[in-house]
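Below you'll find the structure, written out as structure tokens, and then a few comments.
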Amino acid sequence: QKEEAFIHEIQMKAVSEKAVTPSVSSKTKATNVVTGPLTVGKKEAVIVLYKEPTMKYIFYVQLTTSMSQFKLLISKLDSIPNSLPVRSPALGDLCVAEFEHAWNRAQVTCLSPLTVKYIDFGNSETTTEDKLFTISTELKDIPPIAIKIKLADETPNKFLEMEAGEQLTIEPIEQVEDYWVVKVDGAHYPTNGARPDPVTPTHAAAQVTSPSAQNAKPSFPKLLPGDTFTEVYIVHRDPDYVSVTTLSRMAELKQLTKTLQEAAATAVPLITPQLQSKCLAKWSKTNSWFRGRVVGLEPLKVNFVDNGNTEICTLENLRQLPAHVIGGTPLAVRIDSKNEVHKNIMQKDIFSVKPLYKDSERNVWVVDVTPIKEETLPEEISAVNELSQIPVSVETPRPTVPSQSAAECHPPTLAQPSTENRQTVSTMVNQNCTENQQNIDIFPSFLPRNQFSTVQITYQNPEEKTGNVYFVGATTLIDALVDMNTHFRQSTAKDLQISTPQLGDIGLCQFEELWYRVRVTSVTPTLTVYFMDYGNTDPITAEGLRMCPESHKDIPELVKKIQLVTGTSEKYFNLPLESYLSIKPVSALADGTILVQVEGESYDVSIPVVSEPPVVPRVLTSPPPQPAPVPDTPSAQLQPQYTAQLLKQGWTAVFVPDRLDYITNVLLGSLVTEHLPETVSLMGAYHLETVMDVEPFDSSYKPKLGDVVGCQDRQEWVRGRLQEGEKVELVDQARVANLSNYKRLPAQFITIPYLAATFSLLNMDMDVLNSLIEKTEIKMIVSAVTQTEEGLSAIVTLQGEYPVEGVIRSWQYKPLACPDPLALGDLVTICNVISSNTIMVVPADNAVSHHTIQLECRKTGGLEKPPKVGDYVACEFSNEKMYCRTLVVEVDVNKDQYEVYKIDYGTTNIVNLNSLRPLTNIIRNLPCRARRVQLIGVNKINKMEMTAESQAYLNLLAEKTLKVAKIEFSSKGDGVALIVADSDESVNEKLAELIKPKILPDLNGKLTLGSIPVGKVLMHQEQTVIITQTEPLYVQLLDQAQRYYNESHKDIQIHCGDDQSLYNPCQSELCFAKFGDDWYRSLCVQESVSGVSTQMLVDFGNIFSAPTTDLRQMLPEFLNFPALGLACKIKGLPSELSPEQKEKLKSLLAVDTTVKVTFESEEADYYNVNIPAVITSLLS
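full-length UniProt numbering numbers the first residue of the sequence shown as 1 and each following residue consecutively.
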């Protein structure tokens, strides 16, 4: 998503139709030539910044790896101080100029007229001297972002049509003057080994011919030469025109359609479409992908360039058009005729046309039309002609999964934008069915043996917990279903009800206005049918089951149930419906399920792919053939699994915590077990570190998305799986990092199971969790292994200090749960304050994702069922007039209350069910924005106990943009130092000073209880306390006690040990008193009599007599935190206790033990607390 924002910023910032081409005189040549960081032969991914309009092959591009450098440059330019105007600019001068309300670096390329070139974008414009300003040395020394390239000769013409924002991979061939000659990766070049010498770029010859009666000749479309008739086929009908393609291009159209479906699976979403943007667009009726061009923004409209129709589209149905399908002539032309006879001919689907002229106002070619005799058609064209009898209209909706609710329909069109030959059902049938029965294969026709085929997922049974079982059909399935439905509508059989259905009967059932073939699978107690051409099984009414035409009963089912074989990567599990897969069948199970391998995956030949003997799934009239042997697969290593999924009952393991997720109360870290020795060797003795340090960098190594590589994180080598952008999923640390330096992972580390795991306590005891995060390792034993919706869960019992139970699960990267990692220089804003040194921050540039979330959430309806804890949902906050992505953290269905955490803002709210919406895939893939960070050097003080000055300062900061100046990593959250972006003021230093309370002495200049900050206690909430005094009862809050011993107790001992001056305090004055062997803060209850005074320890409640020799004067720096000792009375405790009960109470509330209490109310000098367990035990 960051990359999307950058591309949009590039397009809007400097690439403009208003860019003026520099003069071609010799003066335009820059004095400083910079050709950019390219290397001959090294492929680089780039983004097009600008296309030189007068030079055919010249483009300016930016390396995708320079995004962070570009962002830093923009931030520096946006924050430059007032510069001085440039006086008498000279050729080659670098300066700063304003372009479209933003500062940019520019170089003077011509003096008359004064022309500058924006060196970070490539475009030029004429300007005036008063608009140029001096540039700082820091900005001058940064190399230009834009790199000038010339596409090599013989580069296909489609690449000459690239526009700003499009991406491609280039291979530099040679550096010539101020540009690089490059090849485009994936483009076809002559293979004779000879490469023409590079041609110096020159201005394209603009030949202008004066019009005359003799030479006037229209420029005809590329598909339709103007001097001859061309045979065409209609791909779209409109009331005012028809769109056609040529019969000679039908094969190309078919191949393009297949290529686009495959490309869509990995294409990047198009977040910010612009007018005329080329894109990959999904048509709402078929959910198939086609090339398109944006022709409207409000509403969003797309013209399908290879089909001719224009549709209203949604943002989630747009993708960036991959480089290898960008260029090329659109395969559809809009035509019309003024002749009524011609219009009648055009009612057929195939005819011949010759263009006459273009009606520019309607953007339609007026043509001459002549019919084609069917007997003159070639065989393949005759097959197409048969399809012309299939009516295509708005009344033929797209087939949908019958068990699902209908998706929102977009405004209809008059034709389906299908770019394939529409096939009849007969082409979907296994051809062997018409031959000898002994030749029937166990695999369907769209899954031929021993080769990979692309299929489309139609259905996944929600009861299948493994995630690797699907129903799939051919990529032409939609065409076949439309063909079938047309026949069923015209058939009278559908009007007849099957009165007494029997098991196995084949009939028809209507869903969403479409007719489907079904097979009866159950009659009692509920009539249930299997949708033979989609895969789902559902109950229907007796009235809904109709007769199926005899001609269609014997046609084999158009979908097949498949299961991915063992060893297939988890990225292919639980794919969304309508996804495409390239698979190869290897065997079949007893129930007919086909076991398949996925193209591109590596499988271990030692692992059997067949768990049951393959059988023929249909009853045959002749003996079934013998099962074919499983084809050999290449020898490869097994795809790693997560350690948590490999644990077995009785195993011991060690969990190494990395950090605590304070929202879900889950520890994240690494899991190793001696039962898998390779996991221990990976983590121990810096084994991976040692090997990777000596592993050389391979400049030719270009890993793909999903590959596991070696990468350096926090000065250590770790294993990481590549995600979008420069994000890397650290598969052994349960984290995501921004990394760009990779090494090829040695073979011995590839098959080791992933160690990343999560650990949560069954009783959710936060005190125990906070203690566990401090440990370097947690030992546990597996007591049970269970299957859940999230995969395998191991119930574990902790060994040693905490004999409690918890749950171990595999950790896998989910964008919703992982904000992008912070980096130095990032701009953030504060969205929530947790304590004085713990805040939630979000990126400052939130406009794009916020806008996307608002648009996407408005398209969805309510939830079908209440969410459960851990679900991610959208939530409407009507009072704020906005939608937010949220995580459900608590559910009370009876009260219709759902506590949700806003993952992009870091706050929680309680809402009801009608405020919740499902998340669309687009916003589900945006990373959460709120990140919890610790402020380095700032003491922790509870939010309620912070000074008014520090709270006011944080409120002020919430309106400012802050910059990350320093990062330190810890298990309790990333530590950061922040500065105010527009002033460089240190936030940490300012806040550390403001949180110190002002220590005010009394009128006599003495420090008293009034000088100590007033502590605040959370009421009506169970908390853990330490008993410091039983009678009367005094307690300390556990977190405050820990802070006291970690931060202040040692300093008090040092001070009192060094200060040998005796002190005689007045009554009510604070001092230090020695109790036992240690010194504590104390209040003088009674002044000294005969050298002995009465003291009360304000942090513990003890009252005792102390000699003057054991007293020291109090200093203000030790009064920064409130008195910790809280006087309490137990609610429900009898006023009179027997001696036995008093002794029992002392044992129940022994000093230095911890107990759970709830503070019910506050009186003048004590708190009423509720401790039900103590009362029950005392009175039992």
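Even glycine gets a Cβ: it sits at the ideal position worked out from N, Cα and C.
Within the stretch 972 to 999, the complete beta strand (DSSP E) segments of 3 residues or longer fall at 974 to 980, listed in chain order. In the structure shown, the three-state DSSP call for Lys902 is strand. Under the criterion of beta carbons closer than 8 Å, Ile498 and Leu577 do not qualify as touching, at roughly 29 Å. An exposed status is given to Lys553, since fewer than 16 other beta-carbon atoms sit within 10 Å of its beta-carbon. Boundaries of the alpha helix (DSSP H) harbouring Phe749: 747 to 750, taken from the DSSP string. When C-beta atoms of the stretch 279 to 293 are compared with those of the stretch 307 to 319, three or more pairs fall below 8 Å, so the two segments count as touching. Going by DSSP, Asp368 is part of the beta strand (DSSP E) stretching over 364 to 370. The stretch 903 to 915 and the stretch 1079 to 1087 do not touch, with fewer than three beta-carbon pairs separated by less than 8 Å. Between the alpha carbons of Gly165 and Ile149 lies a distance of about 15 Å. Excluding residues up to 5 positions away in sequence, Lys1006, Leu1007, Thr1008, Leu1083, Cys1084, Met1114 lie with their Cβ nearer than 8 Å to the Cβ of Glu1069 in the same chain. Taking Tyr534 as reference, the option from Tyr1063, Asn461, Thr65 with the minimal CA-CA separation is Asn461. For Cys1071, the CB contacts under 7 Å within the same chain, skipping 5 residues up- and downstream, are Tyr1063, Pro1065, Ser1082, Cys1084, Leu1111, Arg1112, Gln1113, Met1114 in chain order. Apart from the 5 residues on each side of it in sequence, Ala1041 sits with its Cβ closer than 6 Å to the Cβ of Ile1026 in its chain, given in chain order.
By DSSP's assignment, Lys1129 forms a beta bridge with Asn1168. In the DSSP assignment, Glu1047 falls within the unbroken alpha helix (DSSP H) covering 1038 to 1047.
Per DSSP, reduced to three states, the secondary structure at Thr908 is strand.
When the Cα atoms are used, Val46 and Val873 turn out to be separated by approximately 36 Å.
For secondary structure counted as the beta strand (DSSP E) over 3 or more consecutive residues, the stretch 1006 to 1087 holds these complete runs in sequence order: 1022 to 1029, 1033 to 1037, 1070 to 1075.
Within its own chain, the residues whose Cβ lies closer than 6 Å to the Cβ of Val469, once the five positions on either side in sequence are excluded, are Gln563, listed in chain order.
In this chain, Pro462 is not harboured by any beta strand (DSSP E), its DSSP state being neither H nor E. Just so you know, the alpha carbons of Tyr357 and Asp178 end up roughly 44 Å apart. Going by C-alpha positions, Ser760 is about 5 Å away from Gly806. The beta carbon of Phe351 sits closer than 8 Å to those of Glu231, Val232, Ile345, Val369, Thr370, Pro371, Ile372, all from its chain and outside the five residues before and after it, given in chain order. For Val889, same chain residues with a beta-carbon under 6 Å away, outside a window of 5 residues either side, are Glu899, Tyr901 in chain order.
Here the alpha carbon of Val785 sits roughly 27 Å from the alpha carbon of Leu816.
Per DSSP, Gln715 lies in no alpha helix (DSSP H) segment and is marked neither H nor E. Straight-line spacing of the CA atoms in Asp306 and Leu331 works out to 4 Å. Judged by DSSP secondary structure, Gln107 falls within the beta strand (DSSP E) whose first and last residues are 102 to 111. With fewer than 16 neighbouring CB atoms inside 10 Å of its own CB, Tyr701 falls in the exposed class. With 16 or more other Cβ atoms inside 10 Å of its own Cβ, Glu125 counts as buried.
Distance from the CA of Ser1048 to the CA of Gly1057, rounded to the nearest whole angstrom, comes to 14 Å. Under DSSP, Lys183 forms a beta bridge with Glu171.
In this structure Ser810 does not touch Met946 by the C-beta definition: roughly 40 Å separates them, more than the 8 Å allowed. If you ignore the 5 residues before and after Val656, its C-beta comes within less than 6 Å of the C-beta of Gly669, Ser670, Glu777, all in its own chain and listed in chain order.
Fully contained in the stretch 224 to 279 are the following alpha helix (DSSP H) runs of length 4 or more, in chain order: 250 to 264. Between Ile995 and Ile941, the CB-CB gap stays under 9 Å.
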